[in-house]
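K.L.:
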Amino acid sequence: MTAMAITPNMTGHNARRDLRSWLQVLAGTDRIAVARSGLSLTDEIAAVSKRLENEAAVLFPTPDGHAIPVVANLFADRSWVADSLGVPTESLLSRFQDAVRHPTPWTEVSDAPVQEVIHREIDLLRQLPIPKHNELDSGPYITAALLIARNPTTGVQNVSIHRCQVSGPDRIGVLLLPRHTHHYFRMAEQVGAALEIALVIGVHPACILASQAIVAIDQDEMNIAGTLLGYPVEMVKCKTNRVRVPAHAEIVIEGRILPQVREPEGPFGEFPQYYGARANREVITVDAITHRRHAIFHTIVGGGMEHLVLGEIPREASMLEHLQRNFPSVRDVRLTRGGTCRYHLAIKIDKASEGEPKNIIMAAFGGHYDIKQVVVVDMDVDIDDPNEIEWAVATRFQAGRDLMIVSGAQGSKLDPSAHAGISAKMGLDATKPVKTEPLEFKRIHVKGVETIDLDRVLERDPRSAFNRLMADDGSSELAAPVQTKTPRQEV
Ligand code: MN
Numbered sequence: 001m002t003a004m005a006i007t008p009n010m011t012g013h014n015a016r017r018d019l020r021s022w023l024q025v026l027a028g029t030d031r032i033a034v035a036r037s038g039l040s041l042t043d044e045i046a047a048v049s050k051r052l053e054n055e056a057a058v059l060f061p062t063p064d065g066h067a068i069p070v071v072a073n074l075f076a077d078r079s080w081v082a083d084s085l086g087v088p089t090e091s092l093l094s095r096f097q098d099a100v101r102h103p104t105p106w107t108e109v110s111d112a113p114v115q116e117v118i119h120r121e122i123d124l125l126r127q128l129p130i131p132k133h134n135e136l137d138s139g140p141y142i143t144a145a146l147l148i149a150r151n152p153t154t155g156v157q158n159v160s161i162h163r164c165q166v167s168g169p170d171r172i173g174v175l176l177l178p179r180h181t182h183h184y185f186r187m188a189e190q191v192g193a194a195l196e197i198a199l200v201i202g203v204h205p206a207c208i209l210a211s212q213a214i215v216a217i218d219q220d221e222m223n224i225a226g227t228l229l230g231y232p233v234e235m236v237k238c239k240t241n242r243v244r245v246p247a248h249a250e251i252v253i254e255g256r257i258l259p260q261v262r263e264p265e266g267p268f269g270e271f272p273q274y275y276g277a278r279a280n281r282e283v284i285t286v287d288a289i290t291h292r293r294h295a296i297f298h299t300i301v302g303g304g305m306e307h308l309v310l311g312e313i314p315r316e317a318s319m320l321e322h323l324q325r326n327f328p329s330v331r332d333v334r335l336t337r338g339g340t341c342r343y344h345l346a347i348k349i350d351k352a353s354e355g356e357p358k359n360i361i362m363a364a365f366g367g368h369y370d371i372k373q374v375v376v377v378d379m380d381v382d383i384d385d386p387n388e389i390e391w392a393v394a395t396r397f398q399a400g401r402d403l404m405i406v407s408g409a410q411g412s413k414l415d416p417s418a419h420a421g422i423s424a425k426m427g428l429d430a431t432k433p434v435k436t437e438p439l440e441f442k443r444i445h446v447k448g449v450e451t452i453d454l455d456r457v458l459e460r461d462p463r464s465a466f467n468r469l470m471a472d473d474g475s476s477e478l479a480a481p482v483q484t485k486t487p488r489q490e491v
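My numbering applies: residue 1 is where the sequence shown begins, and numbers increase by one.
Below you can see the structure in the form of structure tokens.
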């Protein structure tokens with residue numbers, strides 16, 4: 001676990017955590033690269049970020065001459081996510097489950113760093129360094145903004161992330177999947193009103209993770225962030241509408257989703273490693289941009305590691321919660337990398353009875369419509385290792401007996417093999433029987449492999465040790481086994 005850095009603008013007794021404090025943690029542990037000044041927002045920032053996606057965050061000063069720097073790759077894998085929440089990697093999912101169960105309501109403040117600078121004349125590409133990411137994206141996209149919307153009737157807020165295409169100086173095309181923001185927007189549109197929203201860029205990882213929680217509509221995700229951070233998030237009212245936004249964010253774009261307006265959006269490179277198609281979609285008109293002095297712009301490369309990991313953790317936590325409600329034998333779940341951290345689920349169980357894995361598979365299909373393939377494995381299989389999962393399928397699974405297929409179910413619209421989001425589901429029970437013969441499913445093991453002290457048994461300088469042995473002419477240990485006849489082992 002990494003020591004938490006102190007933010008420069010920290011007030012009060014608790015270290016406040018924001019994007020800057022996380023960047024300081026990364027810098028303090030040599031996990032941040034700094035690019036030379038002036039790289040291009042078109043392709044180049046994404047290229048560097050993508051190249052370093054497994055090893056380092058990257059900070060880009062003065063991209064295309066902009067005063068505001070860009071940062072990417074806040075997470076390279078799940079251990080970084082755990083680090084950002086201050087927990088060991090093994091406790092990551094249970095920490096997130098706990099935050100969903102016990103949210104901490106946010107508080108409202110009137111004075112906020114994010115409103116230090118206010119623009120009311122809007123020119124998005126001039127005022128903000130917005131990159132273009134994948135090669136065939138339609139243009140620059142805001143990809144790491146929390147979209148905060150108010151329920152038009154109750155005022156309860158919803159937080160989610162959407163791809164946002166820059167369509168004009170003060171115009172943004174937005175993809176709303178059929179979830180909570182979409183529902184709020186339909187409520188507003190039915191009475192001919194625009195939906196008040198804010199796009200919040202540059203927040204602590206806890207806020208980004210919380211936005212991805214699979215929770216009921218009208219459960220404000222920012223309250224989940226409060227529990228993850230350990231204190232209520234401070235929110236401030238926007239300058240041009242009633243939406244409340246995190247006071248310590250870097251940048252806020254205030255606006256409205258317009259009723260009865262649809263304009264072309266896309267293509268855009270997405271998490272399944274394909275382009276989401278161009279189509280007529282909802283449109284945001286921008287009323288104001290507010291930001292900190294010396295603000296930082298966070299971007300996420302579509303389909304990159306950060307994108308995959310960000311969606312993975314909250315989905316795993318939600319799936320684990322869903323499964324454990326009915327199946328106490330379920331111990332852990334993983335949305336595997338090869339399955340785009342969305343479609344393929346590995347479930348580890350402490351199997352108690354025959355047949356149970358198939359019930360668990362059916363429950364997993366119902367847990368999220370994105371789930372397309374489920375493999376259930378035993379406790380001795382490492383679900384972080386794709387080779388281990390495949391080994392379980394290779395040696396504990398029989399297709400004629402352990403395979404389940406459901407066709408014509410709801411799936412992901414971004415899966416190009418699905419037809420308009422209609423998809424088949426496949427479940428594999430790769431567990432061994434509860435009762436087995438003693439050696440039947442016994443995994444081989446070399447005694448001492450985990451504990452042997454290599455410093456004790458190996459030569460320090462293998463090259464000279466090797467040369468010494470090879471230079472000897474018959475009197476060395478190498479020759480010895482030839483003289484001492486070892487009896488062949490009887491088979
Ligand atoms: Mn929601």
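Glycine is no exception: its CB is placed at the ideal position from the N, C-alpha and C atoms.
If we ignore side chains and look at the alpha-carbon of each, how far apart do P178 and R396 end up?
P.N.:
39 Å
K.L.:
Look at the alpha carbon of R126 and the alpha carbon of I68, and state the distance between them as a whole number of angstroms.
P.N.:
11 Å
K.L.:
Just the residues with CB closer than 5 Å to a heavy atom of the ligand MN, in chain order, which are they?
P.N.:
N158 and H180
K.L.:
Let's see if you can read the secondary structure: which residues bound the alpha helix (DSSP H) around S84?
P.N.:
R78 to L85
K.L.:
With a threshold of 8 Å, are at least 3 pairs of Cβ atoms found where one atom belongs to the stretch 332 to 343 and the other to the stretch 298 to 316?
P.N.:
yes
K.L.:
Report buried or exposed for P272, applying the criterion of at least 16 other Cβ atoms within 10 angstroms of its Cβ.
P.N.:
buried
K.L.:
At which residue ranges does the stretch 20 to 51 contain complete beta strand (DSSP E) runs of 3 or more residues, listed in the order of the chain?
P.N.:
Within the stretch 20 to 51, the complete beta strand (DSSP E) runs of at least 3 residues are 32 to 34.
K.L.:
Who does V71 pair with in a DSSP beta bridge?
P.N.:
For V71, which the question treats as bridged, DSSP gives the partners L59 and H298.
K.L.:
Would you call the CB atoms of A76 and L92 closer than 8 Å?
P.N.:
no
K.L.:
Drop a sphere of 10 angstroms on the beta-carbon of D453, count the other beta-carbons inside from all chains shown, and report buried for 16 or more, exposed for fewer.
P.N.:
exposed
K.L.:
In terms of residues, what are the limits of the alpha helix (DSSP H) holding A216?
P.N.:
Run containing A216: none; DSSP gives neither H nor E here.
K.L.:
Fully enclosed by the stretch 184 to 258, which beta strand (DSSP E) runs are 3 residues long or longer?
P.N.:
195 to 201, 234 to 237, 244 to 246 and 251 to 257
K.L.:
Could you give the DSSP three-state label for I6: helix, strand or coil?
P.N.:
In this predicted model, I6 has a pLDDT of only 39, less than 50, meaning its place in the structure is not dependable; the value taken from the coordinates is given anyway. Note: I6 maps to coil in three-state DSSP.
K.L.:
Put V156 into one of helix, strand or coil per three-state DSSP.
P.N.:
Three-state DSSP puts V156 in coil, outside helix and strand.
K.L.:
For L439, is the classification buried or exposed, using 16 other Cβ atoms within 10 angstroms of its Cβ as the cut-off for buried?
P.N.:
exposed
K.L.:
The ligand PLP heavy atoms versus the CB of S110: any closer than 7 Å?
P.N.:
With respect to the ligand PLP, the structure shown offers nothing to examine, as its ligands consist of the ligand MN.
K.L.:
If you follow the alpha helix (DSSP H) that H291 is in, where does it begin and where does it stop?
P.N.:
Run containing H291: none in the alpha helix (DSSP H); it sits in the beta strand (DSSP E), A279 to H291.
K.L.:
With distances taken Cα to Cα, identify the nearest neighbour of G173 among T29, T181 and C164.
P.N.:
C164
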